[in-house]
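Novice:
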Amino acid sequence: MSMIAALLLAGAAMPQAAPTDPTPRVTFDRHSLRIDGKPTLIWSSEFHPFRLPSPDLWRDILQKMKASGFNTVAIYIDWGFHSPKQGVYDFSGIRDIDRLLTMAQEEGLYVITRAGPYVNAELSRGGFPGWLVNQSGKARTDDPEYLAAVDEWLGRINPIIARHQLGRGGTVILHQIENELALTTPAQSRYMQHLYDKARGQGITVPMFHNDQGRNGYWVPKSSNVPLTVEGPQELYAFDGYPGGVCGVDNKPTRGAPAPDWGLYGPGGAKGGASASPRTPGFIAEFGGGWFDYWGSNGMYPCNAIQRGSGYQRVFYGTNIANGIAIQSIYMGYGGTSWGWLPAPVVYTSYDYGSAIDEARNLRPKALELKQIGQFLAAVPDLARLEKAPPVTIAGSDAVQVYHDRNPDTDARLLFVAPKPSNATGDARFTVTADLPDGRYSFASELHGRDAKLLVAGVNLERQRLVYSTSELQTSIRHGAEDVALFYGRSGEPGETVLRYATVPTVTVIDGQVASAFDAARGDLRLTYTHRGLARVRIEGGGRAPLLLLIGDVAAGQSFFRQDGLLERGPALVRRATVRGGTLDLTGDTEATAPLEVWGPATIRSVRWNGQAVPVTSTPSGSLVARRPLPGPGDLALPDLMVGTWRYAPGSPEARPDFDDSGWTVAGRARNVATIRPPTGQPNLGADAYGFHDGDVWYRGRFTGSAEARTVTVHYGAGGAGMLQLFLDGKLVGQHELAGGLPRPITTGVAAFDLPAEAQAPGEHVLAAMVRVNGHNWDLDVDDAHKEPRGLISVSLDRPGGESFAVPIAWKIQGRAGGEDLRDVARGPSNNGGLYGERMGWTLPGFADADWQRVTLGEARPHAGTSWYRTDFDLSVAKGEDATIGLQIGDATTPRSPTRYRVLIFVNGWNMGQFVANVGPQRVFPIPEGVLHHRGRNTLALAVTSDGAAGNIIEPVRLVTLHHTRGGVPVTDLAAPAYRDLYPTH
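Each residue of the sequence shown is one higher than the last, beginning at 22 in our numbering.
Listed below in structure tokens is the structure:
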């Protein structure tokens, strides 16, 4: 091969680094990021594309984040999701990071990339690829073997990120080089420098950071100069925190601790949060927007959404803002689904997280509150640079505190009003007196329950001067010659807004009850009112542009969406707004028939909604109102799976003594680098050593019957709520399950069984073991915990009182077909394990199951081992409607069943989750469109594993609608192989 050809091939295989920026567009000072020189407050939330295996729906999430007020999305990129084998990488289909970053740019979102190598994220192995567990070198150090693997990954992902940086066609503004690296030895220091140098050398020029777990002062920039901190190579210091408490096991919110001060008002020093790096902006890379849930819980996600929902968000996120935290990212914005074998042992399939966008892609009520905060932050750019202002005086209550901040350049003020302590939930009425930019003022306010208020004073809004308001500012726009400003408050509470004018203006109340008075000496126009519905007031003259003042209660404010120069209200979601000549094109969602009102440029004469013309009329408020409601979604009928035809086949032939295992791998000869090893002299049975890293793994062990073969003791590793089934000569000896119900589960176990008399009979016998592996441990503590073995660790065949391991066993092993060499590349390494049906393609559309036994699911009988059930069904979701349809097993009102069985759920070949009846809590499994064919034929395959005891049979299975709107984004069915594509000769 010529040198030129070699270089061309190398270029095709490896993404190319972006050129160096001549003038960086992203810089920073001690207050904030500066984008193109402008101080910019970053309001971000987290999204994991690997937890939504339908790339068209990534746009749906990004649009919902943007509509919910965020200007930035933070994304983890899972190394293991892209690499089934060392040297093999895939960035196509559901792994197309180029496509994701392009979408974010198209939707007007900045991006924070977090590409590992270690991400944690409650992923199996913390995001490390399966093959990495076979390295002897310690991970997350400068061990050469580990660094060589890391360089493979970085050489692929860094150039992709580099070409999507701001100024190069993308919107990436920050990049994380490692996550929660809690060990700080010289080996970690050299490792961090290596990661930084790689990123810079591969074209990443934006500021870089590390996320410090829990504010230890680890890996601060060299400019920090704070005692007891640990220096790193990167420019920024970031940290995380999950305050606010978690729900009790009774699924009721708890009070939690007060909101911490991790910035201007904090204790300072290395462990004070932002104070660990005083020359860089306050940066919280992860702040709790929910919490993950564990096997055997009572199903905590709905409660988590309340615990860290309305009220909490105003108190805790507001406290961060008042502390000058200028980069704040909420974890999670959308949690999604840990489908297939993605989950770490600490979580089950659902990763809903209680986030603002639920797993089925519904906007929770808490998203509306986030929208108000986000629109407020965008409306007041002064908040990107905050310092402490003189204390205010509070009269009438000692149960209130006010954080008083100022912008050092504009003198604009933030008055953050919160309970004292901030986790209090009582009622308080009080008066605040403060020296503000426009004079000394006193004003009355009140707080009720878990609440806080972000008030501003001395702020220029468009062409107006806001002296102060006891209502919270939500947003403002320039509406041609007129400005529009939206304020809101709690329903029934009084409010006042003071604006500054040179001369007395004319006040016209268009709607609602608003009184006004003008103080000529000060030039103050004072408006007083009670928050109820939406009041509309036009103010003209006084030396300023006309102002339409909208004053609503919370619900009225939450009905508004904003884009540049545009306001809309009425629909459940406005995704995009585009002005083309005299036409305003809107796209969005309705959950039912809905009104529509818009404010925009005076040139707008017509409005279109989702491509359809909407007749409108003008109002005295200067808006356009639809003459008839926008249509909602139609009825969505789903097929009844319980009356449909199913096909059944037994699925554990590996247990039979005559099963042909000639193609299986001999176990025992591989190098063992696991953290738990068998006794000396025993074989290495760990599945990872033989390339089987995910899902179920089967073993067959041959031994000669003897009087010693009376008991068997099995030490095995299986992750969270994992299990073992053991067979002797085709008959189930017993089943063992690791304990559920623990937030930090036990991930290995020891099972002891008495063997039947047949084991002592002369001749060859076969022990067959199936281990259900529910994830590898994370490496959060930098202790190589991800190398804890999975599958069998040791098996002792002996007699009571006798020597252990008395009877030799010759083992073979089989996991996923092909091991690290994937047969099904499109669905990837997380999709399949080693069940017989998986290896034979029984999960796939097009598999010929006509010779299987016809059954209805209600006729199912318990069988020891795994039983397979397949059916097909058709869906016909109307075009122009968006839905999430889920699969429900059993009674969704209870977290678990009295019966014991497990189900792997395959939809059109995709492994969409695992139901464990006796462990729970998940019974409903959302299936995203794209995986599920909303307008066509679908194949459902269920792998039911049971001990065969009476009653341990699958419960009723049904399809349920979890989300349904008119609107959405265009979604195409995923391109993935059917049976004949993968098994052409069968």
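Glycine is no exception: its CB is placed at the ideal position from the N, C-alpha and C atoms. Please read all numbers here as calculations on a predicted model, not as lab measurements.
#1: Could you say if the stretch 839-848 and the stretch 345-354 meet the contact criterion of at least three C-beta pairs nearer than 8 Å?
#2: Do H552 and R521 have their CB atoms nearer than 9 Å?
#3: Check whether the Cβ atoms of A326 and S376 lie closer than 9 Å to each other.
#4: Can the beta-carbon of Y8 be found less than 9 Å from the beta-carbon of S298?
#5: Quick check on V336: does DSSP put it in helix, strand or coil?
#6: Can you name the start and end residues of the alpha helix (DSSP H) that G101 belongs to?
#7: Which stretch, first to last residue, makes up the alpha helix (DSSP H) that contains K752?
#8: Rounded to the nearest angstrom, what separates D709 and L925 at their Cα positions?
#9: Pick out whichever of V735, G823, A827 has its Cα sitting closest to the Cα of A789.
#10: What distance in whole Å lies between the Cβ atoms of T892 and L657, which are believed to be in contact at a cut-off of 8 Å?
#11: Output the boundary residues of the beta strand (DSSP E) element that contains R891.
#12: In chain order, what residues of the same chain lie with their CB nearer than 8 Å to the CB of I625, ignoring the 5 residues before and after it?
#13: Please classify V480: is it buried, with 16 or more other beta-carbons within 10 angstroms of its beta-carbon, or exposed?
#14: Any idea if R329 is buried or exposed, counting beta-carbon neighbours within 10 angstroms, 16 or more meaning buried?
#15: Tell me the rounded alpha-carbon separation between D903 and A381.
#16: So the alpha helix (DSSP H) K387 belongs to, where does it begin and stop?
#17: Let me check understanding here. Comparing Cα to Cα, which of G224, Y315, S245 lies closest to L763?
#18: Closer than 7 Å by C-beta to L398: which residues in its own chain qualify, once you throw out the five before and the five after it? Chain order, please.
#19: Just reading off the beta strand (DSSP E) that R450 is part of, what are its end residues?
#20: So, using beta-carbon positions, are L130 and T48 closer together than 9 Å?
#21: D282 to G320, Cα distance in whole Å?
#22: Going by CA-CA distance only, name the one from R956, Q935, W931 that's closest to D895.
#23: To the nearest angstrom, report how far apart I348 and P616 are at their CA atoms.
#24: Cα-Cα, which of V787, N795, R848 is closest to V828?
#25: Would you call K59 buried or exposed, if buried means 16 or more other Cβ atoms sit within 10 Å of its Cβ?
#26: How would you call S331, buried or exposed, if buried means at least 16 neighbouring beta carbons within 10 angstroms?
#27: Is the beta carbon of G849 closer than 9 Å to that of R72?
#28: Could you check what DSSP says for F71 in three-state terms: helix, strand or coil?
#29: Using only CA atoms, which one of F713, A780, V733 lies nearest to S727?
#30: Suppose you measure from the CA of V928 to the CA of A410; what does that come to, to the nearest Å?
#31: Quick one: is S888 buried, meaning 16 or more other Cβ sit within 10 Å of its Cβ, or exposed?
#32: Once you ignore the five residues that flank D994 on each side, which residues in its own chain have a CB closer than 7 Å to its CB?
#33: Output the distance between the C-alpha atoms of Q485 and D800, rounded to the nearest integer angstrom.
#34: Express the C-alpha separation of Y1000 and T1006 in angstroms, rounding to a whole number.
#35: Less than 8 Å between the CB atoms is what I'm expecting for A365 and G796, so what's the real figure, rounded?
#36: Excluding the 5 residues preceding and the 5 following Q943 in the sequence, name in chain order all residues of the same chain whose CB lies nearer than 8 Å to its CB.
Specialist: With the given structure in hand:
#1: no
#2: no
#3: yes
#4: Summary: the structure shown does not reach residue 8, with the chain confined to residues 22 through 1007, and so no result is reported for it.
#5: helix
#6: 100-103
#7: It is not in any alpha helix (DSSP H) - K752 instead sits in the beta strand (DSSP E) that spans 752-758.
#8: 21 Å
#9: V735
#10: The pair is not a contact, with the Cβ atoms about 20 Å apart (cut-off 8 Å).
#11: 885-897
#12: V600, G603, T604, L605, V619, L645
#13: buried
#14: buried
#15: 11 Å
#16: 386-400
#17: Y315
#18: L62, W64, L404
#19: 448-457
#20: no
#21: 31 Å
#22: R956
#23: 36 Å
#24: V787
#25: exposed
#26: buried
#27: no
#28: helix
#29: A780
#30: 58 Å
#31: buried
#32: G951, H954
#33: 54 Å
#34: 10 Å
#35: 5 Å
#36: G320, Y369, T370, S371, G934, F936
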